[in-house]
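Chains as they are written, first to last, in this note's numbering: chain S, 374 to 487; chain C, 8 to 121.
Written out as C-alpha cells, the structure is:
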C-alpha cells in the first residue's frame, strides 16, 4: 500500500499571502489529521476530518482551515500568512476502525514565510 | 500546559545495549499511547502503541511499558542499533470525542554509537 503523500514538499510564501497544502491518505483510511511542527512548540494538532466532516479542532486561529473530499483526500489552507506560520505541516491518516487507532504520517510540507 | 513530557532531550547509548526512553503525562483522560520515530525532513514513523488496559506491549526489539498510577510510560529498545538514531516522540490520545488528536511530547534525540 502506498503511504500518505503530501504536496508540495516545500513552499516559500510572503507575509499576507495564502497557501493550500494537500494530503492523500493511505487507501481505505477515512480519517485525516493535520499537525504543525515548529522548533518552539513541537508537534501541535490542527484539526481532524472524517467522512468530509471536521470532528475535532486544535487551538489555532481561524486563518487555519481545512476540508476533506469524498475520496478522503484533504487540504488545509492558511490565509494571511504570518512569519510565525513557518513550520513543517504534517498530515496523518488513520483507518478509524476501532477505539484505538494509530496514525500514519506523510513526509510533510515545509512552509517558509518571508 | 504541557500534558505530555519527555524530560530527557537526548540520550546516548552504545550499540547492542538497551535504550530506555521515558515519557510522563498529566491528563488522566489519556487512554492510548503511541511512540513514533522521526528522522530529519521526514514525517514521524509509527513504532508501537499501548492502550490503558495493558501495562506492556512488545514488538520485536521494541517494548512499551505503561504505569498508569504514576502516569508514566517508557520505550525499551533492545538491542540498540545505529539505525535507531533518531528523534523519538511519545504521543497520547484521550479517546472519546478527541478524534484524531494526538498530544505529543517534545521528543528525545537518541544517538546509538557503533
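No residue lacks a Cβ here, since even glycine has one placed at the ideal position from N, Cα and C.
- The Cβ-Cβ distance between residue 379 of chain S and residue 395 of chain S falls below 8 Å.
- Among the CB atoms of chain S, one or more fall inside 8 Å of the CB of residue 39 of chain C.
- For residue 117 of chain C, no CB of chain S lies under 8 Å from its own CB, so it is not counted at the interface with that chain.
- Using a 10 angstroms sphere on the CB of residue 456 of chain S, the tally of other CB atoms stays under 16, which defines it as exposed.
- By the 16-neighbour rule on beta-carbons within 10 angstroms, residue 383 of chain S is exposed.
- Under a 10 Å Cβ-count criterion, residue 85 of chain C is classified as exposed, with fewer than 16 other Cβ atoms of the shown protein chains found around its own Cβ.
- Here DSSP, grouped into helix, strand and coil, assigns residue 31 of chain C to strand.
- In summary, residue 117 of chain C is buried, with 16 or more beta-carbon neighbours lying within 10 Å of its beta-carbon over all protein chains present.
- Contact note: residue 394 of chain S does not reach chain C at a C-beta cutoff of 7 Å; the least C-beta distance is about 13 Å.
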